[in-house]
Ligand SMILES: [Fe+2]
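In mature numbering (1 follows the signal peptide of the UniProt record, and there is no 0), the protein residues as written are -21 to -1, 1 to 437.
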C-alpha cells in the first residue's frame, strides 16, 4: 500500500515539473509533425456542381443575423431557402452575393455569401443551399437575446490545418454536444505551406470543417497563414483567398475592415483583432479599438473576450515576443476595461497565464516585468489544433511567473459561461482517441466578481 502511494508520487513528480508555482506538464504526444491528409480525403459532395464548403458565422452585432457561405464549382445563382423548425410551410428564399478569384495558377469556384437578418433569437432554423437535386440541407440555432446572465458555451480552436491531428481535434469538438459557437483563433487551412500556396487546400479545408461550421457560427480571427502574400508568384495583395471565402459582419461594429470587428453573443462581447494589420497610434485598427472598448456595457454583456492570433504572453521559444509590439500598444486598454480573457493562437502548443499586466514601463523607470494584476485578462494560447507544422515543444526554462500552465500537445477548449459572475473553462487534450480535460479553471468575471480565481490542474 505504502509502496503503491510512493510509486504514484514518483509518477506524478515525473509528470509535472513545478517552478515558482507554475506548471509545465510533462505530457507530450509526439514531436514529429503529421502530413496534411491527401486531397482525396476531402471529396466534394455527390452531384453535379453540388454546394460544398458550407459555413456560417454571425451576421449582425446582436445575434439575430447569420451569414451563410458556400462554394459551387460551376456558376449558379446562389439561393438559400430557410425556415424555422416546425414551420416548413413557411419557407423564405434569399439570394447571395457571389465572388471568385484567381491565385497564381488556381481559379476558385463560385463563392456565395448570404446575409440573413432579423431572425428570432434562440430558435432553430433549417436551411438549404443550392437548388433541385443538388440542394443540401443544414440547420443552426440562433443565440438567446443578449443579456447579463445568459448561459452560453463556446468552443475554442486555433491553428487547425488539415492533418490527422487536426481531424482528431475537430472530431473531439464535434463529438461534444456542448459547444454552441466556435471562437476560431486564426490559421485555417495552411494552404500556403504547399508549393504555390496550393489553393485547393482552401477547398479541402472548407470541406473538412463543414461538419461543424455549417451547423454553428464560427467566429473568424485572421492569422498569418491567411496573409497569402506572395509577390514572387505575382500575388502581392494580402488576405485574398481568406477575404473572398470568409465573410464577417465588420460594418455592424463600425469597423472599416473585415480583419477586426466585434459581436455580442448571449452574455459575451467578443472583439476580434488582427495581429498583422497596423495597430500603431492613428491607424484604423487603433482608432477603432480606442472607440470600441468604452462602448461595452458590462450590465448587458459582462464577459469581454478578445481574439487575436499572435500571443502577448508566450513562454515558448516558438514565436517568442512576436506579439510584443501589439501588447505595448493595447495592453493598458485591456487592463483599464477589465477584459476577462484573451485567446491567441500561433504557437502550436497550449498555455494559460496568470492574471498579469506589464504596463508600468516607461523609458526611464526600468519597470518592465509582468506583475499580478486583478484587472488584467487571463491569456490563453491555443494554437494547438494540430496542423502540418507540428508541435511547439520548446518551452523557455525556467517557466516564467506569468505562466500558470503549459503543455506541448494538441487539443481544443470549451468555455461555459454560466451567468454574469462565473464561467467554467476546460482545455481538452487529444489523448489517443479521447479528449481529456487536462486544464480547467473557474473564471470570475472582472466587472461583477473581480476576486482571485483558484485554478485547477487535472
Ligand atoms: Fe500562426
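Idealized CB from N, CA, C, for every residue including glycine. A quick note: this is a predicted structure, and the numbers were derived from the prediction, not measured.
Element boundaries [alpha helix (DSSP H), containing residue i]
i, result
"residue 192", "179 to 192"
"residue 144", "143 to 154"
"residue 265", "263 to 271"
"residue 107", "Per DSSP, residue 107 belongs to no alpha helix (DSSP H); it is in the beta strand (DSSP E), 103 to 108."
"residue 112", "Unbroken run through residue 112: none, as it is neither H nor E."
When the options are compared against residue i, the one with the closest alpha-carbon
i, options, result
"residue 285", "148, 431, 204, 316", "316"
"residue 398", "235, 13, 125, 72", "125"
"residue 33", "159, 196, 62, 133", "196"
"residue 406", "375, 369, 361, 423", "361"
"residue 189", "13, 48, 61, 309", "48"
"residue 84", "28, 46, 147, 177", "177"
"residue 234", "116, 253, 157", "253"
"residue 255", "271, 295, 207", "207"
"residue 64", "88, 282, 52, 99", "99"
"residue 295", "70, 67, 267, 324", "324"
"residue 423", "400, 115, 417", "400"
"residue 62", "102, 302, 56, 77", "102"
"residue 113", "381, 211, 386, 25", "25"
"residue 203", "227, 167, 309, 232", "167"
"residue 289", "282, 304, 278", "304"
Residue i and residue j closer than 9 Å at C-beta
i, j, result
"residue 4", "residue 388", "yes"
"residue 328", "residue 383", "no"
"residue 251", "residue 287", "yes"
"residue 15", "residue 224", "no"
"residue 244", "residue 160", "yes"
"residue 366", "residue 330", "no"
"residue 138", "residue 364", "yes"
"residue 429", "residue 353", "yes"
"residue 306", "residue 334", "no"
"residue 108", "residue 92", "no"
"residue 104", "residue 121", "yes"
"residue 89", "residue 219", "no"
"residue 187", "residue 157", "no"
"residue 193", "residue 35", "yes"
"residue 425", "residue 356", "yes"
Residue i, enclosing beta strand (DSSP E) - first and last residue
i, result
"residue 76", "76 to 78"
"residue 239", "First-last for residue 239: undefined, no H or E at that position."
"residue 4", "1 to 4"
"residue 50", "45 to 51"
"residue 385", "382 to 386"
"residue 322", "320 to 323"
"residue 331", "329 to 332"
"residue 29", "Taken as a continuous stretch (DSSP letters only), residue 29 belongs to no beta strand (DSSP E), as it is neither H nor E."
"residue 131", "131 to 136"
"residue 392", "390 to 396"
"residue 326", "From DSSP, residue 326 is part of no beta strand (DSSP E); its letter is neither H nor E."
"residue 251", "247 to 251"
"residue 160", "160 to 163"
"residue 94", "89 to 95"
Collapsed DSSP secondary structure at residue i in the structure displayed
i, result
"residue 441", "Residue 441 is absent from the model: the chain starts at -21 and stops at 437."
"residue 230", "helix"
"residue -13", "With a pLDDT of only 39 at residue -13, under the threshold of 50, the placement of this residue in the model should not be trusted, and no figure is reported."
"residue 433", "coil"
"residue 348", "coil"
"residue 63", "strand"
"residue 367", "coil"
"residue 295", "strand"
"residue 210", "helix"
"residue 312", "helix"
"residue 301", "coil"
"residue 442", "This structure does not reach residue 442, given that the chain is present from -21 up to 437, and the question cannot be answered."
"residue -7", "Low confidence applies here, because residue -7 scores a pLDDT of 41, under 50, leaving its location unreliable and the question unanswered by this model."
"residue -19", "Any reading at residue -19 must be qualified, since the residue scores a pLDDT of 40, below 50, and its modelled position is unreliable; no value is offered."
"residue 274", "helix"
"residue 286", "strand"
"residue 357", "strand"
"residue 18", "helix"
"residue 418", "strand"
Minimum Cβ-Cβ distance from residue i to chain D less than 9 Å
i, result
"residue 18", "The structure shown contains no chain D, having only a single protein chain."
- Any residues whose CB sits closer than 5 Å to a heavy atom of ligand 1? List them in chain order? This criterion selects 166, 202, 203, 325.
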